Amino acid sequence: VAWVAQRWSAEGVGATVDTLRSAALQALRHRDPRAVQEQSGHWRTVLTSGLDDFRPYLSEFLPALVAVVLATPAALAVVFWADPVSGFLALVTLPLIPVFMILIGTLTRAHTERRLRITAALGGQLADLLSGALTLRALGNTRGPAQEVEAAGRRHANATMSVLKLAFLSSFALEFIATLSVALVAVGIGLRLLDGGLPLAAGLIALIIIPEVYNPVRQVGTSFHAAVDGLAAVEEVLELVDAPSPTPFLPERVPGVGLRIEDLSVRGRDGVTPHGLSFDAAPGEVTVLHGPNGSGKSTVFLAALGVLPAGLVEGRIEAPASELISFLPARPVLVPGTVATNLALLGAPPTDTGVDIGVPLDREIGAHGAGVSAGQGQRLAVSRTLARGSGEPHLLLLDEPTAHLNAELVIELGRLLRDRAAAGDTVVVASHDPRILDIADQVVTL
């Protein structure tokens, strides 16, 4: 019976955590993707280890809380029935435990939230470092980032130790108060037994039952500190889910596959970029968006896709239906699985798109693109994007497609984009590469 109950509990807890995680991911889909990208390390920590730390709250703390509501009053009633004096002493000392729990829990919460922020920052820093480890090593610049990670690790260790100190202090306070309360009642029972003012049977019943009055409350305190790490993460998730989703800026859907942008301005953290942008990208042409980093090239694509909050966007965009748009982001995502699985990620079959991937279709890809080089991953992403746009005219939005590609592949990609434009596609590329600028029918400078 205990095994079945434990299994049901584990399944219920797992389903609850999965529901929270899914709801948070859905909520993040409706947020500004630029802000989500900047906070990716934080949300990665909250939605993984943070929500996993919430499991003890559901599996241990809530059952202990139910036990307090049911078992403590029942045990206290038995003590009152056997010995009203002992019951009165227990009733007076029992509230001391939750009072100390509230005081220490309030202090622990602030330290736990600080630890979660430090853990999220450390996770994001490590992810950025690992993604650029090869570049740093090639440039011989590994000492500085290593020292920064070491310093972040020390901050994380200090924050963890501060939370543990408070947890040990809380446990000591709970145990001390509960033990002192039981001892106080036991001494009173012993003195009255010696004096003859208390029957032996009543004294034994009260002495045996009195620890059960305090034990559920002690278990609540212990379980709370086991789950306090997860509470901070869940509060962030619930705040995210409960917040109203911003209304997205939706382009006007028009026939064909052309793209028209009129007086587009988008507000962001660094100001308004782009500002007052206008251009027409027609089918059969290659349009290149050119400008320095931070000029808003990627933001133009996000606005055309309709994923930016309406409150941040001004202007007018005419674009085809979403199923006729194929988008290559600046940082393509590779999921664990085979190369063929990643090629079919956008719903298109892994057909020949003219891009030589350089790896077999059954090659396994690990987390964060492990198993393929940066160039192979970029070729895979380009091929996947072009495969979705094959078969009928599409609007192709390509953000820095030549990243990590050698000179020969860049030339081949340029020829392929010209061929796709000749076949009726509208090709819009954000790029710094002069070889891509050379194939453009028009260059829009931001």
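Note that our numbering has the sequence shown beginning at -1, numbered continuously upward.
Glycine included, each C-beta is placed from N, C-alpha and C at the ideal position.
Note that the structure is predicted; figures quoted are calculated from it, not measured.
* **DSSP bridge partner residues for Ile355 (one or two, in chain order)** => None, per the DSSP bridge assignment.
* Which of helix, strand or coil DSSP assigns to Ala69 -> It is helical.
* To do: Out of Val298, Ser47, Met159, state which residue places its alpha-carbon closest to the alpha-carbon of Asp278.
  => Measuring C-alpha to C-alpha distances from Asp278 to each of Val298, Ser47, Met159 identifies Val298 as the nearest.
* Rounded to a whole number of angstroms, what is the C-alpha to C-alpha distance between Val235 and Phe222? -> For Val235 and Phe222, the gap between their C-alpha atoms comes out near 19 Å.
* Count the other C-beta atoms from every protein chain shown that fall within 10 angstroms of the C-beta of Val218, then say buried if there are 16 or more, exposed otherwise. => Around the beta carbon of Val218, a 10 Å sphere encloses 16 or more other beta carbons of the protein chains shown; the residue is thus reported as buried.
* Asked: Taking DSSP as the reference, what is the three-state secondary structure of Leu341?
  -> Leu341 falls in the helix class under three-state DSSP.
* Within the stretch 354 to 413, note down every full alpha helix (DSSP H) run reaching 4 residues or more, in order along the chain. => Counting only runs of 4 or more, we get 372 to 386.
* **Span of the alpha helix (DSSP H) around Ser38** => That run of the alpha helix (DSSP H) goes 38 to 43.
* Measure how close the beta-carbons of Leu162 and Tyr55 come, nearest whole angstrom, since I'm counting them as under 8 Å. => No, Leu162 and Tyr55 are not in contact; Cβ-Cβ is about 18 Å, not under 8 Å.
* With DSSP as the reference, label Ala317 as helix, strand or coil. => Strand, per DSSP.
* Asked: From Ile355, Val239, Val77, pick the residue whose C-alpha is nearest to that of Val370; which is it?
  -> Each of Ile355, Val239, Val77 was checked against the Cα of Val370, and the nearest Cα belongs to Ile355.
* What's the gap between the Cα of Leu336 and the Cα of Gly48? -> Sequence inspection shows Thr at residue 336; the Leu mentioned does not correspond to that position. Each residue's CA atom was taken as its position, placing Thr336 and Gly48 some 29 Å apart.
* Which word fits Ala405, buried or exposed, when buried means at least 16 other C-beta atoms lie within 10 angstroms of its C-beta? -> Ala405 comes out exposed.
* Buried or exposed: which applies to Phe52, given that a residue is buried once 16 or more other Cβ atoms fall within 10 Å of its Cβ? -> Per the 10 Å Cβ criterion, buried.
* Quick one: what's got a C-beta closer than 7 Å to Ile434's C-beta in the same chain, skipping five residues either side? -> Cβ neighbours of Ile434 beyond the five flanking positions: Val286, Thr400, Gly412, Val427.
* To do: Could you tell me the distance, in whole angstroms, from the CA atom of Ile323 to the CA atom of Arg152?
  => Rounded to the nearest angstrom, the gap between the Cα atoms of Ile323 and Arg152 is 47 Å.
* With DSSP collapsed to three states, give me the class of Ile187. => Helix, per DSSP.
* Closest residue to Arg445 among Leu89, Ala80, Glu316 (Cα-Cα distance) -> Here the chain has residues from -1 to 444 only, and residue 445 is not among them.
* Roughly how far, in whole angstroms, is the beta-carbon of Leu26 from the beta-carbon of Val15, given that I think they are within contact range, below 8 Å? -> The pair is not a contact, with the Cβ atoms about 17 Å apart (cut-off 8 Å).
* To do: May I ask you to report which of helix, strand or coil DSSP gives Asp50?
  => Asp50: helix per DSSP, three-state reduction.
* **Between the CA atoms of Ala176 and Arg267 - distance to the nearest angstrom** => In this structure, the alpha-carbon of Arg267 lies about 53 Å from that of Ala176.
* Asked: Do you know how far the Cα of Ser293 is from the Cα of Val442?
  -> Going by C-alpha positions, Val442 is about 12 Å away from Ser293.
* Option in Val180, Leu326, Leu415 with minimal Cα separation from Leu94 -> Looking at the Cα atoms, Val180 is the closest of the given residues.
* To do: Take Val232 and list the residues in its own chain whose beta-carbon comes closer than 6 Å to its own, dropping the five residues that flank it on each side.
  => Here the set comprises Phe52.
* Secondary structure, alpha helix (DSSP H): runs of 4+ residues fully inside the stretch 196 to 279 -> Here the runs fully enclosed are 198 to 240.
* **Enclosing alpha helix (DSSP H) for Ile434 [first to last residue]** => Annotation: the continuous alpha helix (DSSP H) that includes Ile434 extends over 432 to 435.
* Asked: Does the distance from the C-beta atom of Leu262 to that of Gly313 stay below 8 Å?
  -> Yes, these two residues count as a Cβ contact at 8 Å.
* Asked: Using the C-alpha atoms, what's the distance from Arg29 back to Val215?
  -> The C-alpha of Val215 lies about 42 Å from the C-alpha of Arg29.
* Rounded to whole angstroms, what's the CA-CA distance from Ser38 to Ala241? Just pull it up for me. => Answer to the nearest angstrom: the Cα atoms are 19 Å apart.
* **Beta-bridge partners of Ile323, as assigned by DSSP** => Paired residues: Leu393.
* Asked: Helix or strand or just coil, what does DSSP make of Ala428?
  -> Three-state result, Ala428: strand.
* Looking at C-beta atoms only, is the number of pairs between the stretch 187 to 201 and the stretch 71 to 78 that lie closer than 8 Å three or more? -> Fewer than three beta-carbon pairs drawn from the stretch 187 to 201 and the stretch 71 to 78 are found closer than 8 Å, and the two stretches are therefore not classed as touching.
* To do: My understanding is that His288 touches Ser429, with C-beta atoms under 8 Å, so please give their C-beta distance in whole angstroms.
  => Yes, His288 and Ser429 are in contact; Cβ-Cβ is about 7 Å, under 8 Å.
* To do: Please classify Ile206: is it buried, with 16 or more other beta-carbons within 10 angstroms of its beta-carbon, or exposed?
  => So Ile206 counts as exposed.
* Would you call Ala338 buried or exposed, if buried means 16 or more other Cβ atoms sit within 10 Å of its Cβ? -> The residue in question, Ala338, is exposed, as its Cβ has fewer than 16 Cβ neighbours within 10 Å.
* To do: Determine the DSSP secondary structure at Glu451, reduced to helix, strand or coil.
  => For residue 451 there is no data in the structure shown, the boundaries of the chain being -1 and 444.
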